[in-house]
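This report concerns only the one structure given below.
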Amino acid sequence: CSSEDLPLLADAERFVYQGLKRHQWGIRVRLEQERIAWDTASVALQAAIAPSQSR
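For the sequence shown, the numbering used here assigns the number 253 to the last residue and increments by one with no breaks.
Listed below in structure tokens is the structure:
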């Protein structure tokens with residue numbers, strides 16, 4: 199499937215599709231799309247980047 203076969207993609211989506219096809223970010227990179235509430239994502243991201251209390 200080429201990007202020409204996907205006329206409904208936005209430019210940004212087409213860029214990502216082409217990058218995945220060219221292995222721009224690694225071989226067999228999986229792209230998954232899920233709907234996650236921003237407040238849930240924000241809490242998880244803040245916890246992931248917060249300095250550890252055990253150090």
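Note that the Cβ used here is the ideal one computed from N, Cα and C, for glycine as well.
Note that the coordinates shown come from a computational prediction; the quantities given were computed from them, not determined experimentally.
Cα separation between residue i and residue j?
i    : j    : result
D209 : V241 : 30 Å
A248 : H221 : 31 Å
R253 : D203 : In this predicted model, R253 has a pLDDT of only 48, less than 50, meaning its place in the structure is not dependable; the value taken from the coordinates is given anyway. When rounded, the distance between both Cα atoms is 52 Å.
L207 : T238 : 28 Å
V227 : K219 : 9 Å
W223 : R212 : 15 Å
If I follow the unbroken alpha helix (DSSP H) through residue i, where does it start and stop?
i    : result
W236 : W236 to I247
D209 : D209 to K219
Using the Cβ count rule (16 or more neighbours within 10 Å means buried), how would you classify residue i?
i    : result
L229 : exposed
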